[in-house]
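Novice: If you read the sequences in order, they're chains A and B.
Here the first sequence is numbered in UniProt numbering, starting from 1 and rising by one per residue.
Here the second sequence is numbered in UniProt numbering, starting from 1 and rising by one per residue.
There are 2 protein chains.
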Amino acid sequence: MKPIDVMLVDDHRMVLEGLRVLLEPLEFVAVTGTCTTAAEVLTALQAHVPDVLLLDINLPDQNGVDLCLQLTQAYPTLRVLALTTLNEKSYVTRMMQNGAAGYVLKNASPEELAEAITRVHAGKKYFSDEVQELLLQPTPAAPEIPVLTRREKEVLALIADGLTSHDIAEKLFLSALTVETHRRNIITKFGVSNTASLIKLAAQYQLI
Amino acid sequence: MKPIDVMLVDDHRMVLEGLRVLLEPLEFVAVTGTCTTAAEVLTALQAHVPDVLLLDINLPDQNGVDLCLQLTQAYPTLRVLALTTLNEKSYVTRMMQNGAAGYVLKNASPEELAEAITRVHAGKKYFSDEVQELLLQPTPAAPEIPVLTRREKEVLALIADGLTSHDIAEKLFLSALTVETHRRNIITKFGVSNTASLIKLAAQYQLI
DNA sequence: CAGAAATTACTGGTTTCCTGGTAGAGGCAA
DNA sequence: TTGCCTCTACCAGGAAACCAGTAATTTCTG
Chain A
1 MKPIDVMLVD
11 DHRMVLEGLR
21 VLLEPLEFVA
31 VTGTCTTAAE
41 VLTALQAHVP
51 DVLLLDINLP
61 DQNGVDLCLQ
71 LTQAYPTLRV
81 LALTTLNEKS
91 YVTRMMQNGA
101 AGYVLKNASP
111 EELAEAITRV
121 HAGKKYFSDE
131 VQELLLQPTP
141 AAPEIPVLTR
151 REKEVLALIA
161 DGLTSHDIAE
171 KLFLSALTVE
181 THRRNIITKF
191 GVSNTASLIK
201 LAAQYQLI
Chain B
1 MKPIDVMLVD
11 DHRMVLEGLR
21 VLLEPLEFVA
31 VTGTCTTAAE
41 VLTALQAHVP
51 DVLLLDINLP
61 DQNGVDLCLQ
71 LTQAYPTLRV
81 LALTTLNEKS
91 YVTRMMQNGA
101 AGYVLKNASP
111 EELAEAITRV
121 HAGKKYFSDE
131 VQELLLQPTP
141 AAPEIPVLTR
151 REKEVLALIA
161 DGLTSHDIAE
171 KLFLSALTVE
181 THRRNIITKF
191 GVSNTASLIK
201 LAAQYQLI
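1) Return the first residue and the last residue of the beta strand (DSSP E) that V29 (chain B) is part of.
2) Closest Cβ-Cβ distance between D129 (chain A) and chain B: below 8 Å?
3) Is Y103 (chain B) helix, strand or coil when you go by DSSP?
4) Using the rule of at least 16 other Cβ atoms within 10 Å of the residue's Cβ for burial, across every protein chain shown, is P3 (chain A) buried or exposed?
5) Which residues does DSSP pair with R79 (chain A) in a beta bridge?
6) Could you please give me the residues that DSSP links to L8 (chain A) through a beta bridge?
7) Where do the N-terminal and C-terminal ends of the alpha helix (DSSP H) with V192 (chain B) fall, by residue?
8) Starting from E115 (chain A), trace the alpha helix (DSSP H) both ways and give me its first and last residue.
9) Using a Cβ-Cβ cut-off of 8 Å, state whether N194 (chain B) counts as contacting chain A.
10) Could you pull out every residue in the same chain whose Cβ sits closer than 6 Å to the Cβ of D10 (chain B), ignoring the five residues on either side in sequence?
11) With distances taken from CA atoms, which of A:T164, A:F190, A:L163 is nearest G162 (chain B)?
12) With respect to the alpha helix (DSSP H) encompassing D66 (chain A), which residues constitute its N-terminal and C-terminal limits?
13) Measure from the alpha carbon of M1 (chain B) to the alpha carbon of each residue in B:L8, B:F28, B:I117, B:R151, then state which is nearest.
14) Taking buried to mean at least 16 other C-beta atoms within 10 Å of its own C-beta, is K89 (chain A) buried or exposed?
15) Taking L156 (chain B) as the reference, which of B:T36, B:T139, B:G102, B:K200 has the closest Cα?
16) How big is the Cα-Cα spacing for Q70 (chain B) and G33 (chain B)?
17) Once DSSP output is grouped into helix, strand and coil, what is the label at Y91 (chain A)?
18) Taking C-beta pairs closer than 7 Å, name the residues in chain B that G162 (chain A) reaches, listed in chain order.
19) Alpha carbon to alpha carbon, what distance is there between Q73 (chain A) and Q137 (chain A)?
20) What separation, rounded to the nearest whole angstrom, lies between the Cα atoms of A47 (chain B) and M7 (chain B)?
21) Which one of A:E170, A:S197, A:H12, A:D167 has the shortest CA to CA distance from T84 (chain B)?
22) Report yes or no: is there a C-beta of chain A within less than 8 Å of the C-beta of H12 (chain B)?
23) Whole-angstrom Cβ separation of E112 (chain A) and V104 (chain A), contact assumed at under 8 Å?
24) So for T149 (chain B), helix, strand or coil by DSSP?
25) Can you list, in chain order, the residues of its chain whose CB lies under 8 Å from that of I208 (chain A), leaving out five sequence neighbours each side?
26) Please state the DSSP three-state secondary structure of T84 (chain B).
27) Just curious, the alpha helix (DSSP H) that Q137 (chain A) is in, first and last residue?
28) Taking the alpha helix (DSSP H) that M14 (chain B) belongs to, which residues open and close that run?
29) Out of curiosity, what's the CA-to-CA distance linking V179 (chain B) and H166 (chain B)?
30) Where does residue 212 (chain A) land, buried or exposed, given buried means 16+ other C-beta within 10 angstroms?
31) Measuring only the C-alpha atoms, how far is L135 (chain B) from I168 (chain B)?
32) Report yes if the CB atom of V52 (chain A) is closer than 8 Å to the CB atom of R79 (chain A), and no otherwise.
33) Measuring CA to CA, which of B:Y91, B:A100, B:Q62 is closest to P76 (chain B)?
34) Less than 8 Å between C-beta atoms, sequence neighbours within five positions excluded: which residues of the same chain meet that for M171 (chain B)?
35) Counting only beta-carbon separations shorter than 8 Å, does L59 (chain B) have a partner in chain A?
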């Protein structure tokens with residue numbers, strides 16, 4: 001039986017060499033190439049598309065999340081298996097949305113790597129146990145960040161810088177009464193009743 | 001001539017295998033052991049102290065910065081060479097303060113690794129080029145964060161939550177005039193003139 | 001082109017904040 | 001025991017913010 005054709009992608013040569021060594025005893029796996037950059041991957045796949053690609057997320061010239069999308073669209077038979085230290089839900093979901101077939105952490109044992117390669121090659125998904133636990137945890141709801149108009153954003157920034165409505169009016173060539181109206185509208189949108197909690201929320205939402 | 005006795009420490013086996021492979025061709029280097037945790041290192045060094053220890057910073061059971069101090073104090077002949085992806089000045093300075101003889105990034109070539117090992121074994125220091133550049137960059141001055149008393153912190157938090165001085169007085173069982181005085185003192189300490197910029201700075205300094 | 005949204009500005013009022021000053025009591029450290 | 005710091009509280013007044021309402025003009029979008 002033809003062994004699974006595997007290509008390795010990681011920005012560190014020592015990781016690539018280590019992977020080679022760990023996969024070498026597996027008779028059903030054949031490591032046919034290694035790359036340290038996204039550019040190298042793109043060039044290599046023009047000549048030869050492997051069955052499975054072990055793909056790090058941190059690459060020097062392009063992040064692995066975007067590269068994954070690019071590759072899985074261009075080569076539908078390719079199975080991408082993320083191999084990373086980044087155990088974060090947002091990375092996992094984005095990689096899967098971009099066509100990855102699996103997500104493995106770098107602390108995986110050779111046996112786990114072998115199983116992951118086998119499963120994704122067979123058309124199945126594979127996740128490290130830790131990653132599965134992570135995915136099962138509820139995602140806190142994103143705060144309802146108010147939508148501000150262009151002028152409101154300007155006024156908010158100046159409020160946060162400590163300017164009074166009178167100061168802001170002078171700076172923006174407006175009437176102080178106009179600024180007061182903008183101020184009122186901003187406060188209403190944030191659902192607060194004074195400047196202190198307005199600025200606190202704006203800082204939390206990184207609007208200032 | 002006796003080859004340099006080197007021990008490798010990293011939480012990922014694939015990195016350890018990769019390092020082995022990269023160092024194997026070097027006749028003046030002998031890899032005598034590998035460890036994936038701080039506990040393993042401590043046990044191994046009781047039996048045998050190498051000349052040079054390649055030490056990752058992220059370990060599962062103890063961080064490499066503290067381990068470095070522990071090891072260099074217990075084994076004065078041991079040369080510790082940090083090997084990490086963490087290219088941050090604070091890590092570099094802390095590792096060197098804790099007795100490390102060198103700091104190398106994981107993107108180093110085998111030649112660079114060889115040179116680093118040789119130099120630290122000879123009693124010299126070694127830094128990757130990127131690390132040297134990093135060390136030469138000026139460190140931005142830390143902001144002068146005001147020191148608040150216990151009561152001031154309480155009042156500040158409540159101000160940030162949008163309470164008026166009257167509300168705060170009720171909540172803390174104080175006179176509103178007392179709260180006004182605390183407020184004035186806080187504003188003076190921050191060197192601002194209104195609540196908006198007070199709360200913005202407090203958020204920046206992570207005091208609320 | 002029409003309708004909606006944004007922007008501008010106003011009236012009149014109340015509430016809150018800020019400023020400058022003062023001072024006594026309690027706790028703590030030298 | 002003394003001196004300093006923290007906390008408490010007060011006075012008076014002006015500045016600023018907040019509140020509720022209204023409305024015309026400009027810009028944007030479908």
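For glycine and all other residues, C-beta sits at the position ideal for the given N, C-alpha and C.
Computed from a prediction, not measured in an experiment: that's the story for all the values here.
Specialist: A quick look at the data gives this:
1) 29-35
2) no
3) strand
4) exposed
5) A:V52
6) A:T34, A:L54
7) Taken as a continuous stretch (DSSP letters only), V192 (chain B) belongs to no alpha helix (DSSP H), as it is neither H nor E.
8) 110-121
9) yes
10) L16, D56
11) A:F190
12) 64-74
13) B:F28
14) exposed
15) B:K200
16) 19 Å
17) helix
18) V192, S193, N194, A196, S197
19) 30 Å
20) 13 Å
21) A:H12
22) yes
23) 7 Å
24) coil
25) L156, A157, A160, I199, A202
26) strand
27) That residue, Q137 (chain A), is in no alpha helix (DSSP H); it is neither H nor E in DSSP.
28) 13-23
29) 8 Å
30) Lying before the first or after the last residue shown, residue 212 (chain A) is absent from chain A, which here runs from 1 to 208.
31) 48 Å
32) yes
33) B:A100
34) Reading the sequence as shown, one finds Lys at residue 171 (chain B) and not Met. These residues qualify, in order along the chain: L158, L163.
35) no
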